[in-house]
Amino acid sequence: MTLVDQFSAYSQWRADAAGAVGRLRQWLSRNELGDVQGDLRLQYVLERLRDDKLTVAFVAEFSRGKSELINAIFFSAHGDRVLPSSAGRTTMCPTELQWTPGARAEIRMLPIRTRATHASVSELKQFPEEWMVLRLDAGSLADLQQAFARVGETERVATELASRLGFDIDEKGETGLKPGADGMVEIPSWRHAVIQFPHPLLEQGLVVLDTPGLNAIGAEPELTLSLLPNAHAVLFVLAADTGVTQSDMAVWREYVQGGQNRRKGRLVVLNKIDGLWDGLRDEAQIGAEIARQVSSVAQTLEVPEATVFPVSAQKGLVGRISGDAALVERSRLGELERALAEDLLPTKQVIVRDSTLAEVDDLVKQTDTLLGARLSGLREQLQELTDLRGKNQSVIEYMMRKIRSEKTEFEQGLQKYYAVRSVFSTLTNNLLGHLGMDALRDETRRTREAMLESTFTKGLRQAMENFFFSLRGNLARSADEIAEITRMLDSMYKRFSVEHGLKLAAPEAFSTLRYERELDRLESAFNRQINSALALVTTEKHTLTQKFFETVAVEARRTFEVANRDVEQWLRAVMSPLETQVREYQLQLKRRLESVKRIHQATDTLEERVAELEQAEAAMLGQLTELNEIAGSIRAALGVSASAGADAGSVQGRAA
0 MTLVDQFSAY
10 SQWRADAAGA
20 VGRLRQWLSR
30 NELGDVQGDL
40 RLQYVLERLR
50 DDKLTVAFVA
60 EFSRGKSELI
70 NAIFFSAHGD
80 RVLPSSAGRT
90 TMCPTELQWT
100 PGARAEIRML
110 PIRTRATHAS
120 VSELKQFPEE
130 WMVLRLDAGS
140 LADLQQAFAR
150 VGETERVATE
160 LASRLGFDID
170 EKGETGLKPG
180 ADGMVEIPSW
190 RHAVIQFPHP
200 LLEQGLVVLD
210 TPGLNAIGAE
220 PELTLSLLPN
230 AHAVLFVLAA
240 DTGVTQSDMA
250 VWREYVQGGQ
260 NRRKGRLVVL
270 NKIDGLWDGL
280 RDEAQIGAEI
290 ARQVSSVAQT
300 LEVPEATVFP
310 VSAQKGLVGR
320 ISGDAALVER
330 SRLGELERAL
340 AEDLLPTKQV
350 IVRDSTLAEV
360 DDLVKQTDTL
370 LGARLSGLRE
380 QLQELTDLRG
390 KNQSVIEYMM
400 RKIRSEKTEF
410 EQGLQKYYAV
420 RSVFSTLTNN
430 LLGHLGMDAL
440 RDETRRTREA
450 MLESTFTKGL
460 RQAMENFFFS
470 LRGNLARSAD
480 EIAEITRMLD
490 SMYKRFSVEH
500 GLKLAAPEAF
510 STLRYERELD
520 RLESAFNRQI
530 NSALALVTTE
540 KHTLTQKFFE
550 TVAVEARRTF
560 EVANRDVEQW
570 LRAVMSPLET
580 QVREYQLQLK
590 RRLESVKRIH
600 QATDTLEERV
610 AELEQAEAAM
620 LGQLTELNEI
630 AGSIRAALGV
640 SASAGADAGS
650 VQGRAA
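For the sequence shown, numbering that gives the first Met the number 0 gives the first residue as 0, with consecutive numbering after it.
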């Protein structure tokens, strides 16, 4: 399968899964078996399946052939280069290539001077007026080439302005931009670009992130702290004729690895192997030389050789445009594409499958339990009424007293339930107080004030380190509240199960570990890029403060936003089964009492009521069978065995 075929298959898999989950949602609504919380959970699952994106980032120093590689993999069908590919720098700002259904073909560019506003790119995406927008004619190659070339536009500015905009200045040009004879430096005209372009792979949900070289990449911290770490795959492009240079190594350590020993989804591309096709060596000698280069690169970067892919992007592009299959084969482009599909798609599919399955299985289990409770109550009522056949009024009166006694006993138990609800509400407020955005905003404000008031480097460092200490404290206190909520609900679940026969499994666990790990990653990046002795000594306090809040604080906020969303969903999920079961048990008691009352008033209605209950029992067994079939169809769509979840055995067991 080609890369397009692989992505199409993955897109179809998501569509099939979304269709199956959608049928469950409609079935629950039609049979009045769902609730608001469950419907919100399924809506979230559907949105995640339909809007799922896969981001592939291309990272390299300039003149490594990165843009040519993107052309070869994605745009050869256009019959020419779409992205500009020439000697020197062609990509001057981070560029996202994507397609949103219903969008129009266009290129949006964010002016570099917006860096002076201290707003992040993600924030500015909410304000279209800040961007320059150019319409694209997707059918015109010349129009596409002209529009894409604008991403590489630059301008010359004074070093003071460049520094204010976040660029490092270095007289030697080794660790920053080198001023010219006139004291001016060249900077990108644009801070970020988003290209909406209807391409078969982009239409399937692929997002291609093209990044600039070392000096430009470091000027946009959001790229290094968020976009690259969150990319599903990163292709690090080297040139076979230069190997791993010092600047390549800096990009690899700082931006690809990011201080983490992360291997999954990180591929190394050794480009320009056609430089070894000099006509003086045979294929065996060329192959041996390429193998040595691969081994050397793998050893230098400390990665397995299997993750280093020698290619010729230029020859691969030419071969595909000219229809020269032999040249394409010799370019080895196909091996890289296969690895990309085999490494990226299955990993992403497992993540999406597992998260979808967890939500669906939980809701199916809740619905199965609810139907089971209804069926048990109905059968108990049916047995009671069947036993009344031929009995006198005194027996019926005794049955009424018995049900009333059960109702009174349950209402006494409800007082404990309401007390738990009250404590749950208090603990929830405490939890959201520690984890909520208000607490984060307060800590951010305190940190900013401490940094601005600080006179010495030590004070700046302490203020920034205290920011992380405080956030970790909030997570730790949140974990304590979560543990207390879990213990309390577990106790209440067991009490209602024993005293009233409600079928309640232990509440689902929730962990803050993933947010703690994200803070670890963020602090590691902070220590490398901001909290180093050199950065603290050489960077002006205002600039350092600005950089901290544009990068670290923005990323911390994102982490806490995700944590808030996840914990709120968990709180709804753990309380919903108990609320549903209590409500259902109350309804059952009411129905039983009303049934016996009617029979007490008119004994000739007994047989009619028994017949009604028998019909209701058959209908409920039918619902259980339908639920099992829908759950099975979801698992089949996800490619999972149907052995778990609400299986047919549970339905057959109830039917016995």
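All residues carry an ideal CB built from backbone N, CA and C; glycine is no exception. Note that the structure is a prediction, hence the values are computed from the model and not measured.
Burial state of residue i, where buried means 16 or more other Cβ atoms lie within 10 Å
i	result
G101	exposed
W276	exposed
T113	buried
Y417	exposed
M491	buried
E539	exposed
A655	Reliability fails at A655, whose pLDDT of 43 lies under 50, so the model's placement of it is uncertain and the value that follows must be treated cautiously. By the 10 Å Cβ count, A655 comes out exposed.
T511	buried
N260	Low confidence applies to N260: its pLDDT is 48, below 50, so where it sits in the model is not reliable, and the reading given next is rough at best. Exposed, since its Cβ has fewer than 16 Cβ neighbours within 10 Å.
K65	buried
T385	exposed
R13	buried
A16	buried
Q528	buried
Among the options, nearest to residue i - alpha-carbon criterion
i	options	result
Q313	E578, F74, K177 and E606	F74
Q145	V193, K177, L201 and V81	V81
Q380	G138, G37, L45 and A610	A610
M131	R107, L143, E152 and V349	R107
Q195	R476, W98 and A157	W98
N465	R445, T454 and E452	R445
F147	K177, L200, M91 and G172	M91
P187	V193, V327, T244 and L109	L109
L474	A449, L431 and M450	L431
A249	E60, P199, Q414 and R134	E60
L53	R608, F6, N70 and K502	F6
A192	L222, G175 and H198	L222
D79	Q614, L316 and L426	L316
M399	E593, G138, N270 and D437	E593
L201	Q545, W189, K171 and D51	D51
R513	V566, A238 and I529	V566
L521	K502, T485, R471 and E583	R471
R163	T116, E105, R608 and G138	T116
Q36	A534, W569, A617 and V296	W569
A534	S62, D38 and G165	G165
V296	L266, L335 and Y43	L266
D4	A340, F525 and S139	A340
K271	E282, R280, G638 and T241	T241
Y254	A287, Q292, P211 and V293	P211
For residue i, the three-state DSSP class (helix, strand or coil)
i	result
W189	strand
D353	helix
F525	helix
R103	coil
G242	strand
E152	coil
V233	strand
D51	coil
V639	coil
G648	In this prediction, G648 scores a pLDDT of 42, lower than 50, which makes its location untrustworthy; the coordinate-derived value is nonetheless stated afterwards. It is helical.
E515	helix
M619	helix
P178	coil
R422	Reading the sequence as shown, one finds Val at residue 422 and not Arg. If DSSP states are grouped into helix, strand and coil, V422 belongs with the helices.
L381	helix
CB of residue i within 9 Å of CB of residue j, strictly
i	j	result
L123	V268	no
A56	L227	yes
S246	D273	no
K406	R494	no
F509	V573	yes
R24	L45	yes
T306	D209	no
E583	R373	yes
L135	E105	yes
G18	A635	no
Closer than 9 Å to chain B by CB, residue i
i	result
L133	Absent from the structure: chain B. Only one protein chain is present.
For the 8 Å Cβ check, are there 3 or more pairs between the region 372-386 and the region 531-550? no
(Q) With a threshold of 8 Å, are at least 3 pairs of Cβ atoms found where one atom belongs to the region 364-372 and the other to the region 621-640? (A) yes
Tell me whether the region 25-32 and the region 182-195 touch, counting them as touching only if at least three CB pairs, one residue from each stretch, are closer than 8 Å. no
- Task: Flag this pair as touching only if the region 348-365 and the region 629-639 have three or more C-beta atom pairs under 8 Å; answer yes or no.
- Result: yes
message = Under 8 Å, with one C-beta from each stretch per pair, do the region 344-355 and the region 573-582 reach the 3-pair mark?
response = no
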